[in-house]
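Residue numbers (full-length UniProt numbering): 1 to 561.
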């Protein structure tokens with residue numbers, strides 16, 4: 001019997017359980033319930049680490065605020081309270097909890113083209129570029145402009161990237177990538193001595209943008225760090241600290257540039273026989289991804305040059321690739337999973353079950369095999385922080401969830417073995433993938449949220465008894481799961497009445513732990529979700545839809561326990 005173990009061993013044993021298991025043990029045995037209550041702090045600290053709510057180095061509940069900003073983690077009473085708030089956050093995401101709050105950042109202004117976020121304490125700002133040109137840094141706390149570069153300097157429709165204090169945007173004359181660094185106490189403001197040092201134009205505009213009345217470092221201010229001019233004009237680029245991936249305009253080369261050292265670390269020549277038209281690029285821990293009209297091409301980052309670009313054929317993958325043993329590819333529209341809407345949900349979100357595709361008949365198989373190759377036109381791909389999984393969307397309205405694709409590189413599986421293909425309502429336009437969650441916007445004005453749920457632990461929607469305000473039958477909870485390989489616990493929902501200003505396409509979509517960021521929400525149904533002190537000026541700007549639990553809601557749940 002576990003109850004005969006010494007307390008230290010029993011605590012260690014309970015540390016192997018997730019929150020669902022802990023709650024079950026608490027309910028079924030009075031002695032265990034008393035033991036868990038007596039050792040609540042250490043047991044729920046371990047549970048918070050188990051679920052990834054905090055890191056192993058976080059020793060106090062308040063340490064979580066370093067990673068997850070916002071008032072939703074204010075006044076934590078302990079580790080159990082922290083776990084409760086994270087579970088409430090998941091309930092909110094899946095339309096079984098609170099109504100989301102909506103915040104407008106009017107000083108970001110209209111006509112946003114791209115924007116990036118930094119929610120860390122001491123940062124808390126939005127970086128945006130504009131369709132008519134220019135760049136602006138806006139404070140999330142005060143909704144004021146901290147720093148800006150005018151539209152005569154930053155070109156119209158400039159893309160931008162930002163991560164860990166490094167800002168990157170492109171310019172046309174010459175076609176280069178400017179790298180700016182956030183002013184901080186650990187940097188004296190002087191650019192690194194490098195082959196790729198800033199040019200005089202960058203230094204001049206920086207001096208014009210500088211507010212000399214403020215002491216260094218100025219919050220939200222950036223200064224020139226480097227200027228990268230690749231041998232071939234850049235077409236698409238993506239920055240995940242510390243590496244910038246750049247795809248050339250004519251699909252000839254990929255460049256890997258290290259931002260902190262301002263140095264080119266690798267150049268990957270692309271096989272000329274592919275005649276690649278680069279639409280989008282992404283960089284993972286070990287691989288570079290290139291979206292093209294027909295495929296997502298996956299290259300190893302540590303490719304070594306041997307003078308023959310065509311030798312790359314042996315070290316890159318094309319996705320999707322049909323399996324030779326199958327009459328037709330499982331990764332086509334004809335074999336895609338579907339979304340079926342559930343009756344549960346809220347006025348703000350709908351919930352769905354992910355349904356397996358219908359089995360093909362021999363006649364259908366032969367008909368499919370005679371169809372010409374589909375032009376996928378992949379519009380985006382994003383990879384998980386581990387570098388093991390990726391998600392891709394295309395203009396045909398398909399979304400691909402690929403799990404542990406490196407097994408395909410090693411010859412242990414085919415793409416059909418590791419991929420869930422799902423059909424959406426219309427062509428997919430925008431994609432974000434963070435924190436085990438995917439959000440995608442379609443041309444049919446749908447904004448879908450997919451929670452992938454690591455199957456090594458029960459999904460949050462099976463944890464019962466932690467929120468008495470959730471009223472669902474066991475069958476309904478279970479029916480919200482997909483049970484489809486390789487994501488058996490995937491859940492899906494969509495925003496209702498959440499459309500863009502004048503029904504224009506969203507140009508940018510961001511996902512954080514607690515919410516969704518986009519530009520231009522104009523729908524009366526969402527007005528109730530705004531803070532009471534919010535200025536209801538519905539002009540186009542960057543908007544934050546937050547699912548973070550309100551403090552009052554957390555207190556009510558705690559009192560009802």
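In this text, a Cβ means the ideal position worked out from N, Cα and C, and glycines have one as well.
So, for residue i: in the same chain, excluding its five sequence neighbours on each side, which residues have a beta-carbon less than 8 Å away from its beta-carbon?
i           : result
residue 173 : none
residue 565 : Not covered by the structure: residue 565. The range shown for the chain is 1 to 561.
residue 78  : 40, 41, 44 and 61
residue 147 : 136, 137, 209, 218, 220, 221 and 222
residue 36  : 14, 22, 25, 26 and 43
residue 8   : none
Taking residue i as part of the alpha helix (DSSP H), name the residues at either end of that continuous run.
i           : result
residue 417 : 415-418
residue 404 : First-last for residue 404: undefined, no H or E at that position.
residue 495 : Not the alpha helix (DSSP H): residue 495 falls in the beta strand (DSSP E), residues 491-495.
residue 203 : 200-209
Can you tell me where the beta strand (DSSP E) holding residue i begins and where it ends?
i           : result
residue 441 : 437-442
residue 545 : 542-546
residue 519 : 515-519
residue 349 : 349-355
residue 276 : Residue 276 -> no beta strand (DSSP E), and no H or E assigned at all.
residue 291 : 287-291
residue 394 : 390-394
residue 170 : 166-171
Throw me the rounded Cβ distance for the residue i and residue j pair, which I believe falls under 8 Å.
i           : j           : result
residue 440 : residue 490 : The Cβ separation is near 13 Å, so there is no contact.
residue 446 : residue 494 : 6 Å
residue 169 : residue 178 : 6 Å
residue 408 : residue 317 : 6 Å
residue 377 : residue 293 : 5 Å
residue 319 : residue 287 : Contact doesn't hold; Cβ gap of about 11 Å is too wide.
Excluding the five sequence neighbours on either side, which residues of its own chain have a C-beta within less than 7 Å of the C-beta of residue i, listed in chain order?
i           : result
residue 235 : 247, 248, 249 and 278
residue 16  : none
residue 154 : 129, 133, 134, 135 and 169
Can you find the residues in the same chain that come closer than 6 Å, C-beta to C-beta, to residue i, ignoring five residues on each side of it along the sequence?
i           : result
residue 400 : 392, 419 and 421
residue 448 : 440 and 494
residue 118 : 125
residue 284 : 383 and 387
residue 527 : The predicted model places residue 527 with a pLDDT of 49, which falls under 50 and marks its position as unreliable; any figure quoted below should be read in that light. There are no such residues.
residue 233 : 175 and 249
residue 413 : 407
residue 192 : 262
residue 68  : 513
residue 444 : 425 and 426
By DSSP, does residue i sit in helix, in strand, or in coil?
i           : result
residue 18  : coil
residue 46  : helix
residue 316 : strand
residue 364 : With a pLDDT of only 44 at residue 364, under 50, the local geometry of the prediction cannot be trusted, and the value read off the model is given with reservation. Reduced to three states, the DSSP call for residue 364 is helix.
residue 64  : helix
residue 382 : strand
residue 8   : helix
residue 79  : helix
residue 51  : coil
residue 224 : strand
residue 563 : The chain is shown from 1 up to 561; residue 563 falls before or after that span and cannot be answered.
residue 156 : coil
residue 217 : coil
residue 176 : strand
residue 451 : strand
residue 191 : coil
residue 29  : coil
residue 71  : helix
residue 333 : helix
residue 142 : coil
residue 89  : helix
residue 510 : strand
residue 340 : strand
residue 434 : strand
Can you list, in chain order, the stretches of the beta strand (DSSP E) that have 3 or more residues and sit fully within the segment 230-266? Listed in chain order, they are 234-240, 243-248 and 253-258.
Whole runs of the alpha helix (DSSP H) within the segment 93-136, excluding any shorter than 4 residues: Within the segment 93-136, no run of alpha helix (DSSP H) at least 4 residues long lies entirely inside it.
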